[in-house]
Amino acid sequence: GSEMCIRDSARALAVSAMAPVSLIGLTFTNHYSNDSGAVIRVASSLLVRDSNFIDNASTIYGGAIRNYAAGMVIENSYFGGNSSDRGGAIRTTNTTTIIGSTFHGNFTTSESGGAIDSYTAGSALLTIVNSTITGNSATNAGGGINSSSLQPNIQNSIIAGNIAATGNDVAGGMVLSLI
């Protein structure tokens, strides 16, 4: 299929309405936000499929995506070279499912979650299936993943070769459920 490339600009999307958002077959490169989520800051449910997020940066919370009010599903997507203070590629505070995706070379500038920073409470879950999280780094904790989720579900995934001051690959107040 065809692919659309959106590059070199301020934040591409900010969605505060509760309507669901889908990003399918898109590439986002070189976006910057002096806030959270250089590509998208979203308060509604989000579906990302077959998309690429490359070299995006925000000053706080999610170099590419900041999801803060509803669930998120990411399928068959690539995140590389994104940066932020927390969650080099993604910062989420809700149920997040990641399937068949790759996170490589993402980093934090001062805090945790080189690729993913998941700050969830209550029944919100972090699920990662058939994905690869390698070569990411965090200044503080969780070079690959920093999660407050009590029991993230990680299945058939590679999380290795990440670097952080605490918990190179994973960190946070969690008990891993590796299947």
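With positions in the sequence shown counted from 1, the corresponding number in the numbering used here is that position plus 1266.
All C-beta atoms, glycine included, are put in the ideal place defined by N, C-alpha and C.
Please read these numbers as outputs of a predicted model, since none were measured by experiment.
query	result
Reduced DSSP category for Thr-1398 - H, G, I as helix; E, B as strand; rest coil	strand
Span separating the alpha-carbon of Gly-1328 from that of Thr-1358	8 Å
Straight-line gap, Asn-1419 to Ala-1431 (C-alpha atoms, nearest Å)	24 Å
With 16 other Cβ atoms within 10 Å as the buried cut-off, status of Met-1284	exposed
Strand pairing of Asp-1383, partner residues [DSSP]	Arg-1357, Asn-1412
When Thr-1375, Ser-1288, Asn-1333 are compared against Ser-1384, the one with the closest alpha-carbon	Asn-1333
In DSSP terms, what Ile-1290 is bridged to	Arg-1315
Straight-line gap, Leu-1312 to Asn-1360 (C-alpha atoms, nearest Å)	11 Å
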